[in-house]
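Q: Would you mind keeping the following structure in view while I ask a few things?
Protein chains: 2
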Amino acid sequence: MIIMHWPNRPVYVYYFRQLIGSMQITSKFTVAVHILTCIEVFGGQMRVTSEFLSGSTGVNAVIIRNVLGLLREAGIVETRQGSSGAHLTRSLDKITLYDIYLAVECIDDDGLFRFHENPNAQCPVGRNIHKVMDSRLAAAQTAMENELKNTTLADIVTETQQLINHEEKR
Amino acid sequence: MIIMHWPNRPVYVYYFRQLIGSMQITSKFTVAVHILTCIEVFGGQMRVTSEFLSGSTGVNAVIIRNVLGLLREAGIVETRQGSSGAHLTRSLDKITLYDIYLAVECIDDDGLFRFHENPNAQCPVGRNIHKVMDSRLAAAQTAMENELKNTTLADIVTETQQLINHEEKR
DNA sequence: CAAGTTGTAATCATGATGGTTACAGTTTGT
DNA sequence: ACAAACTGTAACCATCATGATTACAACTTG
Chain A
1 MIIMHWPNRP VYVYYFRQLI GSMQITSKFT VAVHILTCIE VFGGQMRVTS
51 EFLSGSTGVN AVIIRNVLGL LREAGIVETR QGSSGAHLTR SLDKITLYDI
101 YLAVECIDDD GLFRFHENPN AQCPVGRNIH KVMDSRLAAA QTAMENELKN
151 TTLADIVTET QQLINHEEKR
Chain B
1 MIIMHWPNRP VYVYYFRQLI GSMQITSKFT VAVHILTCIE VFGGQMRVTS
51 EFLSGSTGVN AVIIRNVLGL LREAGIVETR QGSSGAHLTR SLDKITLYDI
101 YLAVECIDDD GLFRFHENPN AQCPVGRNIH KVMDSRLAAA QTAMENELKN
151 TTLADIVTET QQLINHEEKR
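Protein chains in written order, with the numbering used here: chain A, 1 to 170; chain B, 1 to 170.
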């Protein structure tokens with residue numbers, strides 16, 4: 001508890017609270033894309049287990065299962081307990097990076113930009129600045145998300161296959 | 001150290017390392033915009049000290065001074081040790097949200113999206129997926145940043161003043 | 001010269017991320 | 001039916017980033 005002096009106004013009491021919440025785009029997102037690509041590329045040839053995917057991504061098998069769980073909840077893959085081999089629920093060109101981004105919950109409800117939580121309502125700027133910035137920051141976030149809608153898993157898999165084929169020619 | 005078995009390939013040794021680095025858009029960004037707005041709105045009427053700005057933002061005065069330091073390094077404000085009252089170095093319409101975003105170093109060099117760090121180079125997908133995703137994720141980040149260039153401090157201050165005036169009319 | 005202010009280093013508390021262990025429940029091959 | 005393999009999930013841990021806080025030297029101003 002800290003006593004603040006505000007110009008031309010009575011002294012009042014103000015609580016500082018720890019700024020909480022964070023806003024990062026988890027590596028789960030790129031892991032998810034990696035996983036889905038593997039399911040498509042290796043699905044016909046071998047059993048794509050969480051252990052297998054752990055080997056390809058370098059990410060712990062439990063984390064892989066968690067990510068697969070998120071993708072399952074989002075209706076992107078189907079998995080069954082005890083049975084190996086997740087498979088996609090729809091064609092590659094119907095799955096955008098944005099769908100995956102949503103599935104792995106990259107961004108929480110507060111949005112991409114973290115806002116300082118305790119602007120002073122006694123201050124005319126403090127009680128209005130949030131409102132003013134909000135639409136602009138939301139627009140920036142939306143611009144990023146819309147760009148993610150422009151790429152599908154089909155694009156990713158195709159380009160990956162091309163790189164692999166190119167490797168083998170050499 | 002974990003021994004991994006990769007299908008049709010010899011057993012090899014693999015190191016798991018903690019995934020490091022984070023990618024969040026600090027609240028320093030919105031704090032910086034808040035601060036700059038206060039400097040413009042209150043600059044003529046009173047001494048806008050770090051303590052004053054702390055009162056308006058609800059953010060610790062030391063953090064305020066750190067943010068002001070970043071804005072000074074970026075050439076957006078001028079401050080002098082011992083002397084209160086930061087002031088802007090150029091007109092409001094020459095300062096975009098993107099300039100402020102750059103100043104407070106919201107995003108490190110690795111980019112907005114965090115990539116899992118240890119994709120397996122023995123796996124054809126593992127050694128190519130990074131390359132494939134990179135340009136797409138960079139494009140998404142750029143879309144967001146370009147949107148930030150569309151708003152200037154002049155816009156923010158003008159709209160804030162309008163809200164304040166509207167309050168006083170009631 | 002005293003009071004007020006900035007610049008900055010150092011330390012701390014908290015929260016988020018991902019690694020790891022453990023195990024129950026399910027599937028599959030024989 | 002049964003053992004082996006696999007998934008789903010909870011629980012706990014280590015590490016890192018953020019911002020709060022204390023402290024103090026250096027500078028400015030009246």
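For each residue, glycine too, the CB sits at the ideal point set by N, CA and C. Just so we're clear, the structure is a prediction, and the values are computed from it rather than from any experiment.
Assuming H116(B) contacts V31(A) under a Cβ cut-off of 8 Å, what Cβ separation, rounded to an integer in Å, is found between them?
A: For the purposes of this step, residue 116(B) is taken as residue 116 along the second sequence, with counting starting at 1. For the purposes of this step, residue 31(A) is taken as residue 31 along the first sequence, with counting starting at 1. Yes, they are in contact, since the Cβ atoms of H116(B) and V31(A) sit about 5 Å apart, within 8 Å.
Q: Among I35(B), L163(B), A154(B) and A138(B), which has the Cα closest to the Cα of D93(B)?
A: For the purposes of this step, residue 93(B) is taken as the residue at position 93 of the second sequence. Out of I35(B), L163(B), A154(B) and A138(B), A154(B) has the C-alpha closest to the C-alpha of D93(B).
Q: Write down the C-beta distance between A74(B) and I39(B) rounded to the nearest angstrom, noting that I regard them as a contact closer than 8 Å.
A: What you label residue 74(B) is simply residue 74 of the second sequence in a count that begins at 1. What you label residue 39(B) is simply residue 39 of the second sequence in a count that begins at 1. No, A74(B) and I39(B) are not in contact; Cβ-Cβ is about 15 Å, not under 8 Å.
Q: Please list, in chain order, the chain A residues whose beta carbon lies closer than 9 Å to that of Q141(B).
A: For this step, residue 141(B) is matched to residue 141 along the second sequence. Ordered by position in chain A, the residues that pass the 9 Å Cβ test against Q141(B) are M144 and E147.
Q: S50(A) versus chain B: which residues are under 7 Å apart at the beta carbon?
A: The sequence position of residue 50(A) within the first sequence is 50, counting from 1. Per Cβ cutoff of 7 Å: no residues; S50(A) is ~13 Å from chain B at best.
Q: What residues of chain B sit near H34(A), judged by a beta carbon separation below 8 Å?
A: Numbered from 1 along the first sequence, position 34 holds the residue referred to as residue 34(A). Under the 8 Å cutoff, chain B gives H116, P119, V125, G126 and I129.
Q: Could you round the C-beta distance between H34(A) and V125(B) to whole angstroms and report it? I think they count as a contact, below 8 Å.
A: Counted from its first residue, the first sequence places residue 34(A) at position 34. Counted from its first residue, the second sequence places residue 125(B) at position 125. With a Cβ gap of about 7 Å, H34(A) and V125(B) count as contacting.
Q: What residue from G44(B), V41(B), V62(B) and A139(B) has the CA that sits closest to E147(A)'s CA?
A: One-based indexing of the first sequence puts residue 147(A) at position 147. Of G44(B), V41(B), V62(B) and A139(B), the smallest CA-CA separation from E147(A) is found for A139(B).
Q: How would you call E168(A), buried or exposed, if buried means at least 16 neighbouring beta carbons within 10 angstroms?
A: To locate residue 168(A), count along the first sequence from 1; it is residue 168. Exposed, by the Cβ-count rule.
Q: Thinking just about the alpha-carbon of each residue, which of V59(A), S27(A) and L36(A) is nearest to the one in S91(A)?
A: To locate residue 91(A), count along the first sequence from 1; it is residue 91. For the residues V59(A), S27(A) and L36(A), the minimum Cα distance to S91(A) belongs to L36(A).
Q: Candidates R80(A), G69(A), I76(A) and S84(A): which alpha carbon is nearest G44(A)'s?
A: For the purposes of this step, residue 44(A) is taken as residue 44 along the first sequence, with counting starting at 1. When only C-alpha atoms are compared, the closest one is S84(A).
Q: Scan the segment 147-163 of chain A for residues whose Cβ lies nearer than 7 Å to a Cβ of chain B and list them as they occur along the chain.
A: Residues E147, L148, T151, I156, E159, T160 and L163.
Q: Does V67(A) come within less than 8 Å of chain B when only Cβ atoms are used?
A: Position 67 of the first sequence, counting from 1, holds the residue named residue 67(A). Not an interface residue.
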